[in-house]
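Read in the numbering used here, the sequence shown has 105 at position 86, and its numbers run on one by one without any break. The block underneath contains the structure these notes are about, expressed in structure tokens.
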Amino acid sequence: MSRPTRDLDNTVALVTGASSVSGQAAARILAGRGAAVALVARRADRLQELGGEIADAGGTALPIEADVSDREQATAAVARTVEELGRLDVLVNNAGVMLLGPIADAPVEEWEQMVEVNLLGLLYTAHAALPHLLAAANEGPREVADLVNISSVAGRQARKGSGVYNATKHGVGAFSESLRQEVTRRHVRVSLVEPGAVATELQGHNRPEVKEQIEKRFEDMDILQADDIADAIAYVVTRPRHMAVNEILVRPTQQEN
Ligand SMILES: NC(=O)c1ccc[n+]([C@@H]2O[C@H](COP(=O)([O-])OP(=O)(O)OC[C@H]3O[C@@H](n4cnc5c(N)ncnc54)[C@H](OP(=O)(O)O)[C@@H]3O)[C@@H](O)[C@H]2O)c1
């Protein structure tokens, strides 16, 4: 069996939402390619378990319990990563929530949660990480650094019944493009990965009637697995220094929109 390329040796990555399958898969693939990985989410038990698994496979992992929608906790998670692992080369902003349903009569708390996690949480970690990513791009070993924001097909296309989720993911797209222009000359690559339907816990947090509709929409489809998205993330962050993959949209083959 061929061993994976260790093209992230001597680098450090931070993955948010590392307690569920997408973040776990991203952390595993980055660790497998040599990065020491900080694992950030609220469910500490799951982070510990993944950290143990990565260590058993010969990698380095640092579980950090944090709510990214809290500015202090998000900032502290980045600071602790740099304190304990020494630097930061790759930030994967993966934590997110998707609470769907029509806008009229929607529980506004659901909107607040999506804005707080998908937008503010991502902004807090990006802001805290940026000086370290700029330093990593300046110092090597790769002389380039990566900020990968996980958006969605919903960040490209609005649909009825997902207005506020669409708004947060379109916001992630706008922020990413603006930041990309600001830092790309300094070799920090800002990229968007935009998945279609992936088998995760995401839809499970919806109200029963909404969940039923989502399940119906994808019931006859062979949807994506977390490893499919992790592959895309690994591709983005392991390109040569002169090449920036700014955006990857990955749908299940059968997903029309
Ligand atoms: N699944 C899909 O079909 C799909 C499609 C397109 C885009 N996406 C995007 O992919 C990303 C990952 O989602 P997923 O599908 O893996 O969903 P998931 O299974 O529900 O996982 C969400 C992750 O985000 C973390 N999280 C939520 N709120 C948080 C907070 N306040 N602070 C820290 N971490 C928080 C959760 O950890 P804790 O609960 O432990 O904090 C969990 O690890 C999201 O940005 C989502 O929008 C998913």
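Virtual Cβ for every residue (Gly too), placed ideally from N, Cα, C. Note that this is a predicted model, so its numbers are computed, not measured.
Query: Taking just the CA atoms, how far does H146 sit from L198?; Result: 10 Å
Query: Assuming L58 and L81 are in contact, meaning their beta carbons sit under 8 Å apart, how far apart are those beta carbons, in whole angstroms?; Result: 7 Å
Query: Looking at the structure shown, is V256 part of a helix, part of a strand, or coil, going by DSSP?; Result: helix
Query: Less than 7 Å between C-beta atoms, sequence neighbours within five positions excluded: which residues of the same chain meet that for N113?; Result: V34, T35, G36, S41, G42, A45, I169
Query: Compute the distance between the beta-carbons of H151 and R208, then report whether it is under 8 Å.; Result: no
Query: Taking the beta carbon of M262 as the centre, do at least 16 other beta carbons fall within 10 Å, making it buried, or is it exposed?; Result: exposed
Query: Pairs of beta-carbons, one from the segment 211-230 and one from the segment 265-273, closer than 8 Å: are there three or more?; Result: yes
Query: If you draw a straight line from the C-alpha of E162 to the C-alpha of G51, how long is it?; Result: 20 Å
Query: Would you check if the distance between the CB atom of E135 and the CB atom of S88 is smaller than 8 Å?; Result: yes
Query: Given the structure, does N185 come close to ligand 1, in the sense that its CB is under 7 Å from one of the ligand's heavy atoms?; Result: no
Query: Classify R208 as helix, strand or coil using the three-state DSSP reduction.; Result: strand
Query: When you compare only the Cα positions, how much space is there between E91 and I242?; Result: 36 Å
Query: Ordered along the chain, which non-local residues of its own chain (more than five positions away) have a Cβ less than 7 Å from that of G115?; Result: G36, V136, N137, I169
Query: Please tell me whether, using a cut-off of 7 Å, the distance from the CB of T35 to the nearest non-hydrogen atom of ligand 1 is below it.; Result: yes
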